[in-house]
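Asker:
Protein chains: 2
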Amino acid sequence: MKLSGGVEWAVHCCVVLSQAEAPVPAQRLAEFHGISRTYLAKHLQQLSRAGLVRSTEGRVGGYALTRPADEITVLDVVLAIEGREQAFRCTEIRQNGPLPASPQACRKACGVARAMHAAEQAWRDSLTAVTVADLAAGVEDDAGPGTFDRVREWLAT
Amino acid sequence: MKLSGGVEWAVHCCVVLSQAEAPVPAQRLAEFHGISRTYLAKHLQQLSRAGLVRSTEGRVGGYALTRPADEITVLDVVLAIEGREQAFRCTEIRQNGPLPASPQACRKACGVARAMHAAEQAWRDSLTAVTVADLAAGVEDDAGPGTFDRVREWLAT
DNA sequence: GCATTCATACTCGGATATACTCTGTCCGAGTTCTGCAGG
DNA sequence: CCTGCAGAACTCGGACAGAGTATATCCGAGTATGAATGC
Chain F
3 MKLSGGVEWA
13 VHCCVVLSQA
23 EAPVPAQRLA
33 EFHGISRTYL
43 AKHLQQLSRA
53 GLVRSTEGRV
63 GGYALTRPAD
73 EITVLDVVLA
83 IEGREQAFRC
93 TEIRQNGPLP
103 ASPQACRKAC
113 GVARAMHAAE
123 QAWRDSLTAV
133 TVADLAAGVE
143 DDAGPGTFDR
153 VREWLAT
Chain D
3 MKLSGGVEWA
13 VHCCVVLSQA
23 EAPVPAQRLA
33 EFHGISRTYL
43 AKHLQQLSRA
53 GLVRSTEGRV
63 GGYALTRPAD
73 EITVLDVVLA
83 IEGREQAFRC
93 TEIRQNGPLP
103 ASPQACRKAC
113 GVARAMHAAE
123 QAWRDSLTAV
133 TVADLAAGVE
143 DDAGPGTFDR
153 VREWLAT
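Read top to bottom, the protein sequences are chains F and D. Quick note, our numbering runs 2 ahead of the 1-based positions in the first sequence. Quick note, our numbering runs 2 ahead of the 1-based positions in the second sequence.
Below you can see the structure in the form of C-alpha cells.
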C-alpha cells in the first residue's frame, strides 16, 4: 500500500497548469517544483495518455489542461498515474484446498473482497469530491492572494 | 497503489482461526487455502508481531487469535501486513523552486496532502467498520450453515 | 506399576536468493521560431 | 520593403539502466509429546 511519489508531482503540476494561460514546458514545471525534469516528463506523458493534459511540440510547446480545472478531480490524476486497476485483487483462494467454495456460493464476490472494494470505493469517492480548482483556491487561501500572479509572472519569464 | 497479495491470505486465515478451538499450524492454513506454506509463514509472523495472533511452538503448536474475532477489524489485519505508514507521503515540494511557500503558510499541510489524507482516512474508516466476526458470519450466509463445522472437522484430522 | 529421562517429531522464527516494479536517465522525432537571401 | 526558405533551437515521446521492494524459499532454534528405562 504505497502511492507512487509521482502522484504528488502530477497533482501539483495540474494546479500550476490551471493558472497558466500558455503551454508550460516540462522543464519549467520541473524547476518550479525543484524536481527531476526527465522523470517528471514520464509522469506528464501518463497524464497526456489519460487525456487530462494536451501536449504541444515545438519551440513554444508545453503542457496545458484539456478541461476546465473544476472538471478535473484529484481521482482523475491519481488514476492516470497509478493506473485504473483496483488496489486489491481477489485471487479467489476460497476455491482452493480441500474444502473449496461451491460455484453456487461464488456467484457473488467473497466477503473479504466486498469489504476491500467498499473501502476502496470510499477512498475514490473522497478523491472525486476534490477538484484541481478546489486545490488552487486553497493555495490562494493558504499562501495569500496574489500568489498565482507571481507564478504567472515567473512562468512568463 | 497496489496491495500486497498477502493481505488476502492474512484476512482469510484470520477468519479460519476465528472458528478453530485449537492452535492451527501454518502448514494447515496453507494447504487449506492452497497457497505456499513458507511464504504464508512470513505473513503470519507479521500478524504475530502486530499482536493479532499468538504463536505456540512445539508439537501441537500453531496460531490462534489473541482477541475475540469481533474485536479484530479488517484494518488491523491490513495494517499488520502493509505497515502502518500512510500510503501518501508529502515531500513538501511546494517549498522548493524559485517561489517556495512561506514558512507561515506551511504551518498547515498543503491542500494536496489534506485531500489525500482525507481519502485515506475514509478508506480506513470503511475497513474499521468490518470485523473478522462479520466476515465469518458472511461466509455462513454465502456458503450455507454448517460450513464451519466441516472446516473444524477437517482441521481436527 | 510409576516416575524420570531422553530421543523424537513437530512447530515457529529469522536469514537467504530471485523477480518485478518504481525510480531515474538518455537520445531521437517533430515542430516552430528566426535570420537571411531573393524578388 | 515583402515573401519564401533554410537552419537552428526547443519541445515531446519512447527506449534504456539502476535501486528498492515484494515474492518465494531454506535451514536452524525451541518445545511438547511419547516411549523407554530404572526403581
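Note that CB positions come from ideal geometry on N, CA and C, so glycine has one too.
Taking I37(F) as the reference, give the member of L54(F), K44(F), W11(F) and A22(F) with the closest Cα.
Answerer: Considering only alpha carbons, the answer is W11(F).
Asker: Rank C16(F), P70(F) and P25(F) by C-alpha distance to the C-alpha of S175(F) and give the top, closest one.
Answerer: Because chain F is modelled from 3 through 159, residue 175(F) falls outside the range shown and cannot be assessed.
Asker: Could you tell me the alpha carbon to alpha carbon distance between P100(F) and E33(D), rounded to whole angstroms?
Answerer: Distance between the alpha carbons of P100(F) and E33(D): 8 Å.
Asker: Have a look at I95(D) and L157(F) and give me their C-alpha separation to the nearest angstrom.
Answerer: Each residue's Cα considered, the two are about 17 Å apart.
Asker: In chain order, what residues of the same chain lie with their CB nearer than 8 Å to the CB of V79(D), ignoring the 5 residues before and after it?
Answerer: Excluding sequence neighbours, V79(D) sits near V9, A12, V13, C16, L49, L54 and V134.
Asker: How would you list, in chain order, the residues of chain F whose beta-carbon sits under 8 Å from the beta-carbon of D144(D)?
Answerer: Within chain F, the residues near D144(D) are A103, A107, K110, C112 and G113.
Asker: How long is the line joining the alpha carbons of T149(D) and Q47(F), rounded to whole angstroms?
Answerer: Cα to Cα, T149(D) sits roughly 51 Å from Q47(F).
Asker: Taking CB distances under 9 Å as the criterion, tell me whether V55(D) reaches chain F.
Answerer: Cβ-Cβ to chain F under 9 Å: no for V55(D).
Asker: Comparing alpha-carbon positions, which option in S104(D), L5(D), D72(D) and A66(D) lies nearest A138(D)?
Answerer: Cα-wise, what sits closest to A138(D) is D72(D).
Asker: How is the beta strand (DSSP E) around T58(F) delimited, first residue to last?
Answerer: T58(F) -> beta strand (DSSP E) spans V55 to T58.
Asker: List the residues of chain F whose Cβ lies closer than 8 Å to the Cβ of I160(D), in chain order.
Answerer: The displayed coordinates of chain D run from 3 to 159. Any statement about residue 160(D) would go beyond what the structure contains.
Asker: Once DSSP output is grouped into helix, strand and coil, what is the label at L67(F)?
Answerer: Note: L67(F) maps to strand in three-state DSSP.
Asker: May I ask you to report which of helix, strand or coil DSSP gives V26(F)?
Answerer: Strand, per DSSP.
Asker: What does DSSP give as the partner residues of T133(F) in its beta bridges?
Answerer: Beta-bridge pairing links T133(F) to T75(F).
Asker: Once the 5 residues before and after H45(F) are set aside, which same chain residues still bring their CB inside 7 Å of it?
Answerer: If we look at H45(F) and ignore the five residues flanking it on each side, its Cβ neighbours are G8, W11, A12 and I83.
Asker: Here's the rule I'm using: 16 or more other beta-carbon atoms within 10 Å means buried, otherwise exposed. How should T75(F) be labelled?
Answerer: Per the 10 Å Cβ criterion, buried.
Asker: Chain D partners of V141(F), CB-CB under 7 Å?
Answerer: Within 7 Å Cβ-Cβ: G113.
Asker: In the DSSP assignment, find the unbroken alpha helix (DSSP H) run with T93(D) in it and report its ends.
Answerer: Per DSSP, T93(D) belongs to no alpha helix (DSSP H) and is neither H nor E.
Asker: I'd like to know whether the C-beta of K4(F) is nearer than 9 Å to at least one C-beta of chain D.
Answerer: Taking Cβ atoms only, chain D reaches closer than 9 Å to K4(F), which makes this a yes.
Asker: Decide yes or no for the touch test of the segment 61-72 of chain F against the segment 111-126 of chain F: beta carbon pairs closer than 8 Å, at least 3 of them.
Answerer: Touching, no.
Asker: In whole angstroms, what is the alpha-carbon distance linking A107(F) and G85(F)?
Answerer: Cα-Cα distance, rounded: 31 Å.
Asker: Put A12(F) into one of helix, strand or coil per three-state DSSP.
Answerer: In this structure, A12(F) counts as helix in the three-state DSSP scheme.
Asker: Give a yes or no on whether the C-beta atoms belonging to C92(D) and A111(D) are separated by under 9 Å.
Answerer: A contact, by the Cβ cut-off of 9 Å.
Asker: Anything in chain F within Cβ reach of A121(D), meaning under 7 Å, just list it in chain order.
Answerer: Result: W125, S128 and L129.
Asker: Output the boundary residues of the alpha helix (DSSP H) element that contains L2(D).
Answerer: In the structure displayed, chain D extends from 3 to 159; residue 2(D) sits before or after that span and is not available.
Asker: Here's a check: name, in chain order, each residue in its chain whose Cβ is nearer than 6 Å to the Cβ of T40(D), leaving out the five neighbours to either side.
Answerer: Hits under 6 Å: none found.
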